[in-house]
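Taking it in order: structure first as structure tokens, then the write-up.
There are 2 protein chains.
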Amino acid sequence: MDRPAPLVLLIEDEPQMRRFLRAALGGHDYRLVEAATAKEGLAQAAGRNPDVILLDLGLPDTDGLEVTRQLREWTRTPIIVLSARGREQDKVAALDLGADDYLTKPFGVEELLARIRVALRHASLQPGDAPDPVFEMGELKVDLAQRQVFRAGQQLHLTPTEYRLLVALVRHAGKLLTHRQLLQEVWGSNFITQTHYLRIYIMQLRQKIEPDPTRPRLLLTEPGVGYRFKAD
Amino acid sequence: MDRPAPLVLLIEDEPQMRRFLRAALGGHDYRLVEAATAKEGLAQAAGRNPDVILLDLGLPDTDGLEVTRQLREWTRTPIIVLSARGREQDKVAALDLGADDYLTKPFGVEELLARIRVALRHASLQPGDAPDPVFEMGELKVDLAQRQVFRAGQQLHLTPTEYRLLVALVRHAGKLLTHRQLLQEVWGSNFITQTHYLRIYIMQLRQKIEPDPTRPRLLLTEPGVGYRFKAD
DNA sequence: CGGCATCTTAACGCCGCCTTAACAAGCCCG
DNA sequence: CGGGCTTGTTAAGGCGGCGTTAAGATGCCG
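Going down the list, the protein sequences come from chains A and B. According to the working numbering, the first sequence is numbered sequentially starting from 1. According to the working numbering, the second sequence is numbered sequentially starting from 1001.
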């Protein structure tokens, strides 16, 4: 379920509006890239591959309609036009050139956010959506999206705590995780002294995922410090 | 290959606005179906399979938001909301329920036509999921458009709540759905703690759709976490 | 107003998971 | 060489989640 925060490209010259949108998007789990000119915007669109583009029509170097046209020559990334021009013919022109939505300034933050969600929803329905983010190491396979674990093709049954512990380890595969970190992440802050829990569940995990549980090859002990999940 | 003129479904009670839109669409190679109530609109949406839906929020029998919600249970046909309500929270609510666009009355004909073109453009990019969205797994068949469920060819009768629960599970087949997610989607945000509702209805569903209800093969329990509908 | 379908609430036994305890084995240190 | 610490392993108890049943409340239809 944990895909990275959507990347929003904002092409807008007025610093005031930039600050406004930065604040609006900041609290809502979006990553933001800013461009002050059409030229820079086109470059960022190509370079960063954003999930949605917010485009001001009144740019200093090139007209926003032209930017829309150029973007649509090679990408279908959703474009939401933000413009002070409220004339109908402006909206029609932008939409027919390939923009997906058109908001007239001034607009409300909540409406903008809702329309961004619509744009992202559209994009996510497009074909070519990769199967799932799946961790594979050796004969072990962990599908985070479906919350399923396989060993040698066989599905395993893990209890909730076992699964949370495995996920914590796998997500930082290769890195060393201290007892504190693991207890904090799996059981919560009130349990960071109960290292005993760790031993029990580490052992249960090894029973289920290790070919030879007595001689661990994936789930390694770092004596005195913590545990580490072996990366490929 | 000339495809037929796009079919537009207009759900709107005011005769005045109907006449206006009839005239607007008339000259532009669209076919138009009209419905004056929510009930009729839902029926037409299922029966005529329109390419885009224009929906007024102020219907006499049911709120337009509820219509949006019900449509989105089984179809992704673009919905453009036409409303006299211009408040931001109305827009956000409609868009988050699955509407694709929101126009506040009064609006210009040209803008509406442009936004219809955007909606059709989006739809044409979708993969060819032409016919009724029907889920089939094993001997179970769920027809979302007709709101009908079959097991081994026999039609089943499900209560409204049972049906909504099944739809929620089937639409994310393979994925694990937490208690919270299911309660949220089927009963609403005020019920996310009433996990015993789930147990009751899960059991009733199993009685109806499982060959051997005591040994579930489609509707699986993930202890401590939620439920999962088995994908093929 | 009565009857039916559906939703809601209550109650209970069972199984599985978490928790706790106890002990063996390995390692560092004096 | 021995004591104390950390780690691994096994077993048992209690609690909560889950499935199941049934009765009461609610709402809709004629």
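Heads up, the beta-carbon is just placed ideally off N, CA and C, and yes, glycines get one too.
Beta-carbon proximity check, residue i vs residue j, cutoff 9 Å
i         : j         : result
Leu1065/B : Leu1057/B : yes
Leu156/A  : Ile209/A  : yes
Leu177/A  : Thr193/A  : no
His1196/B : Leu1113/B : no
Leu1007/B : Val1067/B : no
Val118/A  : Leu103/A  : no
Leu165/A  : Val186/A  : yes
Tyr1133/B : Leu1144/B : A small correction: the amino acid at residue 1133/B is Pro; Tyr does not occupy that position in the sequence shown. Taking 9 Å as the Cβ cut-off, Pro1133/B and Leu1144/B qualify as a contacting pair.
Leu10/A   : Val33/A   : yes
Gly1047/B : Leu1071/B : no
Arg206/A  : Leu169/A  : no
Ala5/A    : Arg22/A   : no
Arg115/A  : Leu1158/B : no
Ala1111/B : Glu111/A  : The residue asked about is misnamed: residue 1111/B is Glu in this sequence, not Ala. No, these two residues do not count as a Cβ contact at 9 Å.
Arg1215/B : Lys1230/B : no
DSSP-derived helix/strand/coil call for residue i
i         : result
Ala119/A  : helix
Gly1224/B : coil
Tyr197/A  : helix
Tyr234/A  : There is no way to answer for residue 234/A, as the model of chain A reaches only from 1 to 232.
Thr161/A  : helix
Ala46/A   : helix
Ala1130/B : Interpretation of Ala1130/B is limited by its pLDDT of 47, a score under 50 that renders its predicted location unreliable; the figure taken from the coordinates is listed afterwards. DSSP places Ala1130/B in coil when its eight states are reduced to three.
Ala94/A   : helix
Ile209/A  : helix
Thr178/A  : strand
Ile1202/B : helix
Leu10/A   : strand
Lys141/A  : strand
Ala36/A   : coil
Glu73/A   : coil
Arg18/A   : helix
Arg171/A  : helix
Gln89/A   : helix
Gln146/A  : coil
Phe135/A  : strand
Leu1112/B : helix
Thr62/A   : coil
9 Å Cβ cutoff, residue i in contact with chain B
i        : result
Glu88/A  : yes
Gly64/A  : no
Gly233/A : Because chain A in this structure spans residues 1 to 232, residue 233/A falls outside the shown range and cannot be described.
Ile209/A : no
Val145/A : A small correction: the amino acid at residue 145/A is Ala; Val does not occupy that position in the sequence shown. Answer yes: the Cβ-Cβ gap between Ala145/A and chain B drops below 9 Å somewhere.
His179/A : no
Contact list for residue i against chain B, beta-carbon separation under 7 Å
i        : result
Lys91/A  : Glu1111 and Ala1114
Gly108/A : Glu1088
Under 9 Å from the C-beta of residue i: neighbouring residues of chain B
i        : result
Val149/A : Near Val149/A there are no residues of chain B at all, since even the closest Cβ is about 12 Å away, more than 9 Å.
Partner residues on chain A for residue i, Cβ-Cβ distance less than 7 Å
i         : result
Val1118/B : Leu95 and Asp100
Leu1176/B : Gln146 and Arg147
His953/B  : Outside the displayed span of chain B (1001 to 1232) sits residue 953/B, for which this structure offers no information.
His1122/B : His122
C-beta neighbour in chain A for residue i, strict 9 Å
i         : result
Pro1160/B : no
Gly1027/B : no
Glu1014/B : no
Ala1130/B : With a pLDDT of 47 at Ala1130/B, under the threshold of 50, the predicted position of this residue should be treated as unreliable, though the coordinate-derived value follows. Closer than 9 Å: no.
Arg1069/B : no
Glu1222/B : yes
Arg1199/B : no
Arg1018/B : no
Arg1228/B : yes
Under 9 Å by beta carbon: chain A residues contacting residue i
i         : result
Val1170/B : Chain A residues near Val1170/B: none, gap ~15 Å exceeds 9 Å.
Val1225/B : Arg147, Pro160 and Tyr163
Closer than 8 Å: residue i CB and nearest the ligand ATP heavy atom
i         : result
Ala1036/B : You won't find the ligand ATP in this model; it holds no ligand whatsoever.
Residues that residue i contacts on chain A, provided the C-beta gap is smaller than 8 Å
i         : result
Val1033/B : None at all; the shortest Cβ gap to chain A is about 24 Å.
Can you find at least 3 beta carbon pairs, one from the region 70-77 of chain A and one from the region 107-116 of chain A, that sit closer than 8 Å?
no
Quick check: the region 1159-1178 of chain B against the region 1135-1151 of chain B, are there 3 or more CB pairs under 8 Å?
yes
Using a Cβ distance threshold of 8 Å, determine whether the region 209-224 of chain A contacts the region 1038-1050 of chain B, with at least three qualifying pairs required.
no
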